[in-house]
Ligand code: FAD
Ligand code: SF4
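Residue numbers (this note's numbering): 575 to 1030.
Right, dumping it as structure tokens:
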């Protein structure tokens, strides 16, 4: 897919890949073999009928292709951009066995963008109101999917969102150059047109509890509050000025537009030497954001080797093209500040890989006597997140696991509290957009059954 030149793109926040033209999309779609037993579909967590939508593209029926995808995926323009197709549908594509998989993600993005830009985005016919009200807590991909599916079944749905902008990580976490905000905003506008209500700045657990929502006449509640609580490493110096969690850093830039400070209220330190700790998508999003903000030295420090990095390959490649440096098999041990508490240096230690741990990946252990220091005036810590604890803490009758995640029945998304369902990262810990959406779809079906069968 054609892309912005790296030297150009580090000076702006615009999306990196331009997307297919109609000709390129049709040419790529023709590569699909229309397998009788399509393995790509088995690799898709929401079982999109991939050969069918790809065939529609090859026939020039782009809007029909988008409709086909939307039968199983509410947010194709999002998933076409951020899903790990290389580990899912494209990994199983028969074409991948002898060459390159069909670019299923890029085709999904093309069809959804085409529909948004050229189609009339007609709202489906909504059945008469069933008389039932459902509250959805959190407006990330899990909550949006539940809401979309339930209004289509005739229920009245209100999404309660803690932030002033809906969309969850899609809005505050994933940067503009990977997922333009206007695309998420368009999906949300579409849900509003379908009749979903949004209550913003509404922190459930502070403003209302789950029981309060039942008291307000909601008959079922879906909790999709995500995993937004940053993990720190507990090493000295994490309180120094200049040390951020990736959540804070990305939220300041994405949501609060810190790159426009002082026109916007929220600043962010730009720095001369930026160190990002971690190896996942979040670390790479933070490093690429820092490169764009200040065009300075940005180094990602990761405790395992390149092969073990959980980030998408495409992102690693994009970061390298943009001049982000990598220190593999390295981990911070402390941060050193000046007298005013401002970060000056990071002390790092070399690591080596020992036997595989529970995750199946080889466990990194420090190499004795290998500590060294590098200059750093901004450190961004991206080593993972825990779930947002407020809802489980204020509803103690919702069962949680030893690490605090909400426990659900795997096939129904039911929690231990009657009428309360949950899904997405609050159940799985930090996972993926498509898994959150899959949970949302299952929960919506089961909430619908619950409302139908309940003895009133
Ligand atoms: P979230 O998206 O976290 O949404 C939860 C929402 O609930 C938030 O809006 C939050 O404000 C709100 N909330 C929390 N507490 C309350 C409360 N008490 N009351 C009301 N509202 C509340 N996944 C991919 O598949 N591909 C990627 O490329 C990718 N990149 C990522 C990059 C970053 C920087 C991050 C952080 C994550 C990334 N992920 C990616 C993971 C993916 O975004 C998440 O798995 C997904 O967003 C989880 O969806 P969710 O609906 O469960 O929660
Ligand atoms: Fe087409 Fe590949 Fe799916 Fe076969 S496996 S139907 S070639 S996308």
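All C-beta atoms in this analysis are idealised placements derived from N, C-alpha and C, irrespective of residue type, glycine included.
Residue range of the beta strand (DSSP E) that includes residue i
i: residue 911; result: 904-911
i: residue 733; result: 730-734
i: residue 858; result: From DSSP, residue 858 is part of no beta strand (DSSP E) but of the alpha helix (DSSP H) over 855-868.
i: residue 873; result: 871-875
i: residue 899; result: 899-901
beta-carbon residue i near the ligand COA non-hydrogen atom, thresh 7 Å
i: residue 979; result: The ligand COA is not part of this structure, which contains only the ligand FAD and the ligand SF4.
Beta-bridge partners of residue i, as assigned by DSSP
i: residue 980; result: 974
i: residue 591; result: 577
i: residue 921; result: 908 and 947
i: residue 959; result: 804
i: residue 818; result: 954
i: residue 936; result: 930
i: residue 916; result: 815
i: residue 773; result: 734
i: residue 778; result: 782
i: residue 796; result: 710 and 995
i: residue 848; result: 872 and 952
i: residue 613; result: Note: residue 613 sits in no beta bridge, so no partner.
i: residue 988; result: 995
Reference residue i, options the options, closest by Cα
i: residue 637; options: 687, 732 and 1027; result: 687
i: residue 701; options: 607, 758, 583 and 768; result: 768
i: residue 656; options: 683, 646 and 1022; result: 683
i: residue 665; options: 634, 619 and 706; result: 619
i: residue 681; options: 705, 842 and 652; result: 652
i: residue 644; options: 698, 596 and 1010; result: 698
i: residue 646; options: 939, 1008, 1024 and 1023; result: 1008
i: residue 736; options: 696, 856 and 779; result: 779
i: residue 875; options: 858, 865 and 833; result: 858
i: residue 733; options: 749, 727 and 708; result: 708
i: residue 714; options: 839, 998, 1027 and 1023; result: 998
i: residue 758; options: 719, 855 and 773; result: 719
i: residue 1006; options: 856, 866 and 723; result: 856
i: residue 747; options: 905, 802, 704 and 726; result: 802
i: residue 851; options: 771, 796 and 885; result: 885
i: residue 1077; options: 776, 760 and 752; result: In the structure as shown, the chain starts at 575 and stops at 1030, and residue 1077 therefore has no counterpart that could be examined.
i: residue 662; options: 641, 724, 614 and 977; result: 614
i: residue 820; options: 782, 862, 993 and 835; result: 862
For residue i, the first and last residue of its enclosing alpha helix (DSSP H)
i: residue 629; result: 624-632
i: residue 842; result: It is not in any alpha helix (DSSP H) - residue 842 carries neither H nor E in the DSSP assignment.
i: residue 687; result: 678-692
i: residue 1019; result: 1007-1027
### Query
Are the segment 923-937 and the segment 819-837 in contact at 8 Å, needing three or more beta carbon pairs?
no
### Task
Evaluate contact between the segment 932-946 and the segment 845-854, counting only Cβ atoms and requiring at least three cross-stretch pairs below 8 Å.
no
### Message
Contact between the segment 756-771 and the segment 875-882 is defined here as three or more beta-carbon pairs at a separation below 8 Å; is this criterion met?
### Response
no
### Query
Do the segment 948-955 and the segment 970-986 meet, that is, are 3 or more Cβ pairs less than 8 Å apart?
No, because fewer than three Cβ pairs between the segment 948-955 and the segment 970-986 fall closer than 8 Å, the two stretches do not touch.
### Query
For the segment 803-821 against the segment 904-920, are there 3 or more C-beta pairs whose distance is under 8 Å?
yes
### Message
Within 8 Å, do at least three Cβ pairs link the segment 1015-1026 to the segment 983-999?
### Response
yes
### Query
Is the segment 594-611 close to the segment 624-642, with three or more CB pairs under 8 Å?
The way I'd put it, the segment 594-611 does touch the segment 624-642; three or more beta-carbon pairs between them come closer than 8 Å.
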